[in-house]
Structures are given as C-alpha cells and as structure tokens.
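Inspection log for the structure reproduced underneath, given as structure tokens.
Protein chains in written order, with my numbering: chain A, 984 to 1275; chain B, 41 to 328.
As structure tokens, then:
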C-alpha cells in the first residue's frame, strides 16, 4: 500500500511513501512525459522544422561561401557542414535545456515540478532525450542538404566509432545543459542574455567553423578541459575526414576519455545544482516568482 | 469614435516625440538596467567580437595571414552587420515582448500617440548597443588585425543615413509581419536577417553566390549600404564585380533601393496593424 505521510517532509518525494518500484515507474513516466512534447512536436509543429533546419543551414552556407571565396581545400567545406549540424545540438542545449526552467517559471510550470513526487533530474532527462531526438532530425537534414548541395566528400574508416563518439559527445553536452538549467534559474532575468552569450563566443572557442588546432594553445587547453562541443567536434572531424590528413588537437582515444570524464562531471554537477535549487525554492520561495 | 486612436484631435508632433523619448528610457531599462552590469558589458562586447574572430581565424587558417584586403572586407562587413541584427531584432523583439511577455501592447496602441513612435523608441536601446558593437569590432580590427581605415565622411555620412533608414524599413516590415504569426515569431528576425546576410555580400563577395541569387542580392538595399560603407570607411570597394562600380553608382543604387524600401515598409506596417486590430492579434498570447 502506498500513500502520503501526514508528517512534515522536506520534499514531495519524501512525503510519498512509495515502493521502490513505484518510485522508479513514476520517474520513468516523468522522463517519457517530458520527452513526449518534444518528440511529438516533430509532426505537430512543422514551422519548427523549417527554423531549426533553415537557421543553421543559412549560417553554414555563409561560412561555406567564405571558404569558397578564399579558395580553401574542400575538406574545410565539410568541416563547416559538420560544425553546422553539431551547432543544432548546441542551440537545443542552450535554448531548450539551459533556459528551459526559466521559461517554465514564466509559464507557471516550475512550481508544479517542485511539488510533484518525482525527481527533477527525470524532468531534465526527459527534456534531453526529447531534445536529442528532435534535434537529430534537424542535424541530419543539415548534413544531408549541406553535403549534397556543397559536394562534401567524407572519408570514414570507422563508422561505428564515429557513431559512438557522437553519442558520447551528447552525454556531456546535455549534461552541461542540465547543469545550466539550474544556474540560469538562479541567475534570473539574465537568462536571455546568457543564452545569447553562449552562441558566437562558444562557436569561436569550439572551433565550429575551423579546425580547433588553429586557436592558440592556451585557449585550446581550456576548451579541451571544459567544452564538450569542441572536444567532440574535433574527434568527429578526425573520424569523418580520416583520409584528408586532418589534424586533431589530441588523438581520438584521448578525446573519448575526456568526453567520458566530462559526462560524469556534468551529470554529477547537474545533480548537485538541482539539489541546491530545490532547497532554495523551498526555503526562500522566490524561485517560482515570475520575471525574477 | 474613430477606429484609429492616432486621429484624436490635438495629437501633435510634440506628443509623438514625448512618447518616443519615454519609450527610449523604457527600452534601455528593459535591455540594460535589469541585467547585471558586468554581464551586460560582457554580452555587448563578446558576441560581436567572437563573430568577427571566427572569420579572422578562418581567413588566417587558409591564407596564413596573407592578403589583408579580404580581411578588411570581412571585418567591416561583420562589424556593420551588427546594425542589421540590432535594428531588425530590436523592432521585432520590442513588439513581441510587449505583446507576449509584458502584455502592454494593446494599451500602447489605444493611447493617442499610437504605436509607431513608441516602437521606434523602445527598440533604440538595441540599436545603440549594435553601434557600440560596430565601433568595438572596427577598433579591434584596426588595433590588432591591421585593418587600415581611410574614412571619407562626405561619402560615409549619407551612406550611413540611407542604410539605416533602409534597415529600419525592413525592421518595421518584420515587426508588423511578426504580429500576424501564431508561433515562432521570435525566430523570424534571425531567419530573415540570416538570409539577407547571405545575399548582401556581408562576408563574401556576391559573385560567389549561385547566379540565381544575384538579382535578389543586387535588389537588396543592404548590399548597397555595405558596399557604400566599405568605400566610406576603407577607401575602396569589395573584391569582385561590385568593386568595379563607381562610388557615384553605388550611392545611386543605395538611394534608389532605400527609396523603394521605405514606402513599402511603412505601407506594410500600416496594413499589418490594421489586420492585427481587426483580427484581435494585439493582445494574442501564443505561449511561444
């Protein structure tokens, strides 16, 4: 038998006297429930498809034409197309993960999350899974259209390793989004500015449109230690353009290890930040106030 | 009673000016005062600089730093493009924020001074920030990247005035259009500005574009504004076919395209506003 205790509890999960199975099932349903609108949105809101493909594609095209104007080797066109596809994921992380709790607060959903007897990590995991599915279709479209239109030739010796590196990159990337979701909420009204700030500067630091080795060594060191977008993109380029003699910052194996470590760190960081956020929300009661 | 509040007796240019001035203060408060000042400065500086630095590194990787003429072309184009994003983004964001977020648009529309002067003033903060970004990017170009400015103010001043009027016309058109949209209106300025960025020769000569895009490129006032501004700032034009035109021809094409863009922008905005009133779109909340 399960029910809610009449004694004071620090959160809704503690108040619910549920079996382990029911807790797991409730959290799984929360994950599916939060992922659902993003996945179903693929068919329900066609304008999203246009914008999420068109915006990265316009940027990709502009940079492709810059390389053409400079008579750059053809593999640089491929770098830009691949970078544009990964940019779709970054935009999704920034706007639909990091800034999401802030928008949820404005729409009045956040207090419902805090009072529901499931873990907030389940909500974030649902957002991440839904966002990943949604954005994958956009990224594939950018790669497909860009590759055909601009004649990109790939040289992939290890397709499974490339797929593995892609998936491994997504873990710290969305883990970072989960961490930022809490931080954006704490930082309040600057959420919009912060999201804007995490675009061009990150594209520059992450080497989205050029090989990362082109940046000064100290900058590359910081990127390799903190930015999964840069590390993952560098590894994917080495694997997708293996025959072109493309130079990576580090061997792919080392970059895989860095991505794995980042994945753990960002997910643990997100967990800690959420716990702090939940504590603040209950103690001060102002995190759910609109326009704060 | 008249449908249009602006036709109320006694409304003068002074009233519109007062509305415009008040809106400037409000726009600045929304943009800057509500943010942490440090974050606001970083945001203002980092975004345009990073956008320019991406191009600089791309240029450097391919050329090894040789051929500064193209680098100058890139820096000036990248710097000036901030104005297009600032104006278009400012006008559209202002109208959408006041409708969707603060829900004040309907009250502003029914005031005697009307929406137009308010909208221009409300968006001015973003426009000012965009000019700071232009100045900063040019400063970095001159101080660290070897860009040589040879300003010709007699040419630059009218080019800037005409260019800004043209961009404001595009922004007003976009602001009216975005009022009609059910969802995703927030993305439109970025999408349209991105498309114009592609065809205006902002960061590459328009000769590189596929030939079917050339008529659109030559028809856009932003193409001529960028070319005229490059000539006014650098003393020479773009690489490629555009650079072979005389200064007078570039200014003439800028003037003609701006003269076409202004009435189209104003007429479209008036029509969009009329439709928004009739369809009840002024207090619509899309939840987007």
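The C-beta atom is built at its ideal place from N, Cα and C for all residues, glycine as well.
{"Check": "Hey, would you say residue 245(B) sits closer than 7 angstroms to residue 279(B), going by beta carbons?", "Outcome": "yes"}
{"Check": "Report the residue from 1124(A), 1005(A), 1256(A), 1043(A) whose alpha carbon sits nearest the alpha carbon of residue 1167(A).", "Outcome": "1256(A)"}
{"Check": "By Cβ distance below 8 angstroms, which residues in the same chain neighbour residue 1015(A) in space, the five residues on each side in sequence not counted?", "Outcome": "1109"}
{"Check": "So, does the stretch 247-257 of chain B touch the stretch 268-277 of chain B, judging by three or more C-beta pairs under 8 angstroms?", "Outcome": "no"}
{"Check": "Would you call residue 1264(A) buried or exposed, if buried means 16 or more other Cβ atoms sit within 10 Å of its Cβ?", "Outcome": "buried"}
{"Check": "Out of curiosity, what's the CA-to-CA distance linking residue 111(B) and residue 159(B)?", "Outcome": "36 angstroms"}
{"Check": "Given a limit of 8 angstroms on CB to CB distance, which residues of the stretch 98-120 of chain B reach chain A?", "Outcome": "98, 99, 100, 101, 102, 103, 110, 114"}
{"Check": "Pull the bridge partners of residue 1224(A) from the DSSP assignment, please.", "Outcome": "1138(A)"}
{"Check": "At a cut of 8 angstroms, does the stretch 1005-1014 of chain A reach the stretch 200-218 of chain B through at least three beta carbon pairs?", "Outcome": "no"}
{"Check": "Whose C-beta lies closer than 8 angstroms to the C-beta of residue 311(B) among residues of the same chain, with five residues either side of it excluded?", "Outcome": "216"}
{"Check": "Is the Cβ of residue 1051(A) closer than 7 angstroms to any Cβ of chain B?", "Outcome": "yes"}
{"Check": "State the Cα-Cα distance for the pair residue 1129(A) and residue 286(B), rounded to the nearest angstrom.", "Outcome": "36 angstroms"}
{"Check": "Can you tell me where the alpha helix (DSSP H) with residue 253(B) in it begins and where it stops?", "Outcome": "That residue, residue 253(B), is in no alpha helix (DSSP H); it is neither H nor E in DSSP."}
{"Check": "Between the stretch 1214-1221 of chain A and the stretch 1054-1071 of chain A, do three or more beta carbon pairs fall short of 8 angstroms?", "Outcome": "yes"}
{"Check": "Among 196(B), 277(B), 105(B), 144(B), whose alpha-carbon lies nearest the alpha-carbon of residue 324(B)?", "Outcome": "144(B)"}
{"Check": "In the DSSP assignment, find the unbroken alpha helix (DSSP H) run with residue 1109(A) in it and report its ends.", "Outcome": "1103-1133"}
{"Check": "Tell me which residue opens and which closes the alpha helix (DSSP H) that residue 1184(A) is part of.", "Outcome": "1183-1188"}
{"Check": "Determine the DSSP secondary structure at residue 276(B), reduced to helix, strand or coil.", "Outcome": "coil"}
{"Check": "In angstroms with no decimal places, state the Cα-to-Cα distance between residue 247(B) and residue 1224(A).", "Outcome": "29 angstroms"}
{"Check": "Near residue 1160(A), which residues of its chain fall below 6 angstroms by C-beta distance, leaving aside the five closest residues on each side in sequence?", "Outcome": "1076, 1080, 1081"}
{"Check": "Along chain A, in chain order, which residues have C-beta atoms closer than 7 angstroms to that of residue 81(B)?", "Outcome": "Simply none; closest approach about 11 angstroms."}
{"Check": "Residue 256(B) versus chain A: which residues are under 8 angstroms apart at the beta carbon?", "Outcome": "Chain A residues near residue 256(B): none, gap ~14 angstroms exceeds 8 angstroms."}
{"Check": "Which residue from 308(B), 320(B), 266(B) puts its Cα closest to that of residue 116(B)?", "Outcome": "266(B)"}
{"Check": "Kindly list the residues whose CB is nearer than 8 angstroms to the CB of residue 178(B), restricted to its own chain and excluding five residues on each side of it in sequence; keep chain order.", "Outcome": "115, 116, 119, 187, 189, 273"}
{"Check": "7 angstroms is my cut-off, CB to CB: does residue 1184(A) come that close to chain B?", "Outcome": "yes"}
{"Check": "Between residue 291(B) and residue 1094(A), what straight-line distance do the alpha-carbon atoms span, to the nearest angstrom?", "Outcome": "58 angstroms"}
{"Check": "Tell me whether residue 1092(A) sits in a helix, a strand or coil according to DSSP, three-state version.", "Outcome": "coil"}
{"Check": "Between residue 1116(A) and residue 1235(A), is the Cβ-Cβ spacing less than 7 angstroms?", "Outcome": "no"}
{"Check": "Identify the contact partners of residue 244(B) in chain A, using a Cβ-Cβ distance below 7 angstroms as the criterion.", "Outcome": "1048, 1049, 1052"}
{"Check": "Relative to the C-alpha of residue 1123(A), which candidate in 1071(A), 1259(A), 1133(A), 1060(A) has its C-alpha closest?", "Outcome": "1071(A)"}
{"Check": "Under 7 angstroms between the Cβ atoms of residue 239(B) and residue 161(B)?", "Outcome": "no"}
{"Check": "Below 7 angstroms between beta carbons: does that hold for residue 94(B) and residue 1097(A)?", "Outcome": "no"}
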